[in-house]
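Peer 1:
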Amino acid sequence: MTIRAEGALQEASDTGDAALERFSSQIASRHQQRVASEGPYVPPVSDSELLAEAKLQPAPTPEAVGAAPPLQLGDLLRLGDAEFVEQAYLTLLKRPPDAGGRAACVSLLDLGCSRRAVLAMLRYSPEGRSRAQPMAGLIPGLADLLAYKAPVLGGALRLAVNLLFLNTWIRDLRAAARRENP
Amino acid sequence: MKIALFSPTLVKADAVSNDVFGAARVLDSVAEVKLFANAWDPELNHVSAYTEIPEFITSPQDLLLIHYSIGFEPVNQIARQLPSRTVVKYHNVTPPAFFADYDQDYYRACKGGRDQLPSLVEEPFEFFLSDSDFNQQELITLGLDAGRSAVLAPFHQVDGLLETSPAEEDGSLATERPFTATAVGRLAPNKNLHYLLEVWADFVADFPSAELRLVGKCDDRLDAYRRFLALKVDRLGIGDSVTLTGPVSLRQLKAEYLRANVLCVTSRHEGFCVPAIEAMALGVPVIGCRGTALDETLGDAGILWPGNDPRLLGETLKAIAENPELAAAMVAKGAQRYRASFSNEAIAVRMAELFNQHLGVNFERLV
Numbered sequence: 047m048t049i050r051a052e053g054a055l056q057e058a059s060d061t062g063d064a065a066l067e068r069f070s071s072q073i074a075s076r077h078q079q080r081v082a083s084e085g086p087y088v089p090p091v092s093d094s095e096l097l098a099e100a101k102l103q104p105a106p107t108p109e110a111v112g113a114a115p116p117l118q119l120g121d122l123l124r125l126g127d128a129e130f131v132e133q134a135y136l137t138l139l140k141r142p143p144d145a146g147g148r149a150a151c152v153s154l155l156d157l158g159c160s161r162r163a164v165l166a167m168l169r170y171s172p173e174g175r176s177r178a179q180p181m182a183g184l185i186p187g188l189a190d191l192l193a194y195k196a197p198v199l200g201g202a203l204r205l206a207v208n209l210l211f212l213n214t215w216i217r218d219l220r221a222a223a224r225r226e227n228p
Numbered sequence: 129m130k131i132a133l134f135s136p137t138l139v140k141a142d143a144v145s146n147d148v149f150g151a152a153r154v155l156d157s158v159a160e161v162k163l164f165a166n167a168w169d170p171e172l173n174h175v176s177a178y179t180e181i182p183e184f185i186t187s188p189q190d191l192l193l194i195h196y197s198i199g200f201e202p203v204n205q206i207a208r209q210l211p212s213r214t215v216v217k218y219h220n221v222t223p224p225a226f227f228a229d230y231d232q233d234y235y236r237a238c239k240g241g242r243d244q245l246p247s248l249v250e251e252p253f254e255f256f257l258s259d260s261d262f263n264q265q266e267l268i269t270l271g272l273d274a275g276r277s278a279v280l281a282p283f284h285q286v287d288g289l290l291e292t293s294p295a296e297e298d299g300s301l302a303t304e305r306p307f308t309a310t311a312v313g314r315l316a317p318n319k320n321l322h323y324l325l326e327v328w329a330d331f332v333a334d335f336p337s338a339e340l341r342l343v344g345k346c347d348d349r350l351d352a353y354r355r356f357l358a359l360k361v362d363r364l365g366i367g368d369s370v371t372l373t374g375p376v377s378l379r380q381l382k383a384e385y386l387r388a389n390v391l392c393v394t395s396r397h398e399g400f401c402v403p404a405i406e407a408m409a410l411g412v413p414v415i416g417c418r419g420t421a422l423d424e425t426l427g428d429a430g431i432l433w434p435g436n437d438p439r440l441l442g443e444t445l446k447a448i449a450e451n452p453e454l455a456a457a458m459v460a461k462g463a464q465r466y467r468a469s470f471s472n473e474a475i476a477v478r479m480a481e482l483f484n485q486h487l488g489v490n491f492e493r494l495v
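For the record, the sequence lines run as chains S and X. Our numbering numbers the first residue of the first sequence as 47 and each following residue consecutively. Our numbering numbers the first residue of the second sequence as 129 and each following residue consecutively.
1. Distance check for glycine 462(X) and methionine 408(X), CA to CA, integer angstroms please.
2. Is alanine 182(S) close to chain X, meaning its C-beta is less than 8 Å from at least one C-beta of that chain?
3. Please give the ranges of any alpha helix (DSSP H) in the stretch 412 to 450 of chain X, keeping only runs that are unbroken, at least 4 residues long and fully inside the region.
4. By Cβ distance, which residues of its chain are closer than 6 Å to aspartate 334(X), with the 5 residues on each side in sequence left out?
5. Nearest to leucine 340(X) by CA position, among Val489(X), Arg363(X), Phe307(X) and Lys319(X), is which residue?
6. Just the C-alpha distance for alanine 98(S) and glutamate 173(S), rounded to the nearest angstrom, thanks.
7. Is lysine 360(X) close to chain S? Criterion is C-beta to C-beta, closer than 8 Å.
8. Between which residues of its own chain and phenylalanine 253(X) is the CB-CB distance below 6 Å, once the five residues before and five after are set aside?
9. Assign proline 403(X) to one of two classes, buried (16 or more other C-beta atoms within 10 Å of its C-beta) or exposed (fewer than that).
10. Should histidine 195(X) be labelled buried (16 or more other beta-carbon atoms within 10 Å of its own) or exposed?
11. Compute the Euclidean distance between the alpha carbons of alanine 132(X) and methionine 167(S), then round it to the nearest angstrom.
12. Taking only beta-carbon positions, decide if aspartate 156(X) is within less than 8 Å of chain S.
13. Is asparagine 451(X) close to chain C, meaning its C-beta is less than 8 Å from at least one C-beta of that chain?
14. Taking leucine 157(S) as part of the beta strand (DSSP E), name the residues at either end of that continuous run.
15. Less than 6 Å between C-beta atoms, sequence neighbours within five positions excluded: which residues of the same chain meet that for leucine 199(S)?
16. Which ranges would you report for the beta strand (DSSP E) in the stretch 267 to 299 of chain X if only whole runs of at least 3 residues count?
17. Taking Cβ positions only, does lysine 195(S) come closer than 8 Å to chain X?
18. Taking 8 Å as the threshold (beta carbon to beta carbon), is isoleucine 185(S) in contact with chain X?
19. Based on the DSSP secondary-structure assignment, which residues constitute the bridge partners of isoleucine 194(X)?
20. Go ahead and label histidine 77(S) buried or exposed: buried means 16 or more other beta carbons lie within 10 angstroms of its beta carbon, across all protein chains shown.
21. Can you tell me the Cβ-Cβ gap for alanine 167(X) and threonine 137(X), rounded? I've got them flagged as a contact below 8 Å.
22. From the DSSP output, read off the bridge partner residues of alanine 309(X).
23. Start and end of the beta strand (DSSP E) containing glycine 374(X)?
24. For asparagine 484(X) and alanine 281(X), what's the separation of their Cα atoms in angstroms?
25. Output yes if chain S places a C-beta closer than 8 Å to the C-beta of lysine 345(X); else output no.
26. Can you look up glutamate 254(X) in the DSSP assignment and give me helix, strand or coil?
27. For the beta strand (DSSP E) containing phenylalanine 164(X), name the first residue and the last one.
28. At what residues does the beta strand (DSSP E) containing serine 176(X) begin and finish?
29. Buried or exposed: asparagine 263(X), going by 16 or more other Cβ atoms within 10 Å of its Cβ?
30. Is the beta carbon of leucine 410(X) sitting closer than 8 Å to the one on aspartate 423(X)?
31. Can the beta-carbon of alanine 447(X) be found less than 8 Å from the beta-carbon of leucine 454(X)?
32. According to DSSP, is glutamine 264(X) part of a helix, a strand, or is it coil?
33. Does the CB of glutamine 72(S) have a neighbour CB from chain X at under 8 Å?
34. Give the interface partners of leucine 66(S) over in chain X, defined as CB-CB distance under 8 Å, in chain order.
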């Protein structure tokens, strides 16, 4: 512990309250004198104009900050399953998959779910919508995903989907997709 | 007894994660504790996926403690189906309006988190803890029964800050150094740093050798806010006295506090304000704007003014720079307040009392 920190943890003096009160009164008084002589506060610059100017300045590109451009659908479809799940998360959710998410995605792929469907599931999840990473070509994947709710695909797959808490998610996806793709 | 602690994200050097880790250390004395998350730092190898909560929590005597800083509905679904009791720790969600001009990702995420609050308080959960009364009142206003609610300050990294050695660079901790004001936290619109720049312009006109340091990272998605701050620094003509440090390590943060003569908190929204207790513990006077949870965190240990005239804080900076006895009184009051209410030990005792009283968890050793 440093000398400064030790000093901070010494017993507070009883004079502290009085000192703070006295100085606060002095500060308020000096401020009142300035208001009387200078008038009400007028901002020296306009925040709204500066903000508009800031928005017109280009944001740093991913290349400028040393990041690779995001992968697109074609890039992802060429990868092996494990790498596909890893890169799908990094591209659409900007983070590595957690253990539960990785397992869920791999299970869906094992059950025959298309890669486009897994991508659509991630892209239109609440987290994916908040990231809003553009990716063309996901509409067929969304259709694939919705098809997993159809009875013709059999109980095992539906059960797996249910077990993975996707029922509510899929309802949510439908609404999100309708909003983003009217 | 088993206790599961969940947070959507668990990473190092994050206020909510620090609260989770601190609570886990305390609860570990009375129960088998396990951490769960949706995303976490790979180095935290003791964290499990939230989907594994049902395998861990199996008895009505067990507890699930959900840390709510942004909504995560899947874990609420799991909680409804568990045999155990569920407790929510509410850390607040920044109102989305602060981000509307800057980034739609942030806007949507915060809006989603706040939109879920009315249904959160209607969940059949056992108890709701809040970092501050400011946060608690938000939930009560939404319909939460006050009898199922209490305030518990968050655990934090101050012990680590006190123990670590500061990273000293370029003689920054030399005995003779300019008066330094510091703001700590991410560069985000709700932190109202653009107001602090006007405070600084008022002050530095009389103290031209003084320095203002804005300590914290800026998310790429909020780069428009960083550009706005840079433009404002330029137009106010204060570029020679303002430094944006970017992200800092724990050792660098310690050095920033040690070189600081005052911490400035001008936020328009704070659910607790961890930097204020870090400053109180490390002997730095705190000043700022009223109207957030900072009011109750700082109490009478600092000086707060309405955020409608930067000259008020400008005059306060001048008073601190000119009167060492004022700074000394604020440091003494802050240290006293930190020890009495916000040290990790004090928070642990309060937690034990609440868990004893409301959840029947036997914490005799701590109380």
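In this text, a Cβ means the ideal position worked out from N, Cα and C, and glycines have one as well. Remember, it's a predicted structure, so these values are computed and weren't measured experimentally.
Peer 2: With the structure as the only source:
1. 5 Å
2. no
3. 422 to 426 and 438 to 450
4. none
5. Phe307(X)
6. 29 Å
7. yes
8. Thr214 and Val216
9. buried
10. buried
11. 28 Å
12. no
13. In summary, chain C is missing from the structure at hand, where the protein chains are S and X.
14. From DSSP, leucine 157(S) is part of no beta strand (DSSP E); its letter is neither H nor E.
15. Reliability of the predicted coordinates at leucine 199(S) is poor, the pLDDT of 43 falling under 50, and no value is obtained from them.
16. 277 to 279
17. Here the model assigns lysine 195(S) a pLDDT of 48, short of 50, so the residue's position is not dependable, and the following value carries that caveat. No, its Cβ sits nowhere closer than 8 Å to a Cβ of chain X.
18. no
19. Phe134(X) and Val216(X)
20. buried
21. 5 Å
22. Leu340(X) and Val390(X)
23. 370 to 374
24. 17 Å
25. no
26. coil
27. 160 to 168
28. 175 to 177
29. buried
30. no
31. yes
32. helix
33. yes
34. Asp428, Ile431, Leu454, Ala457, Met458 and Lys461
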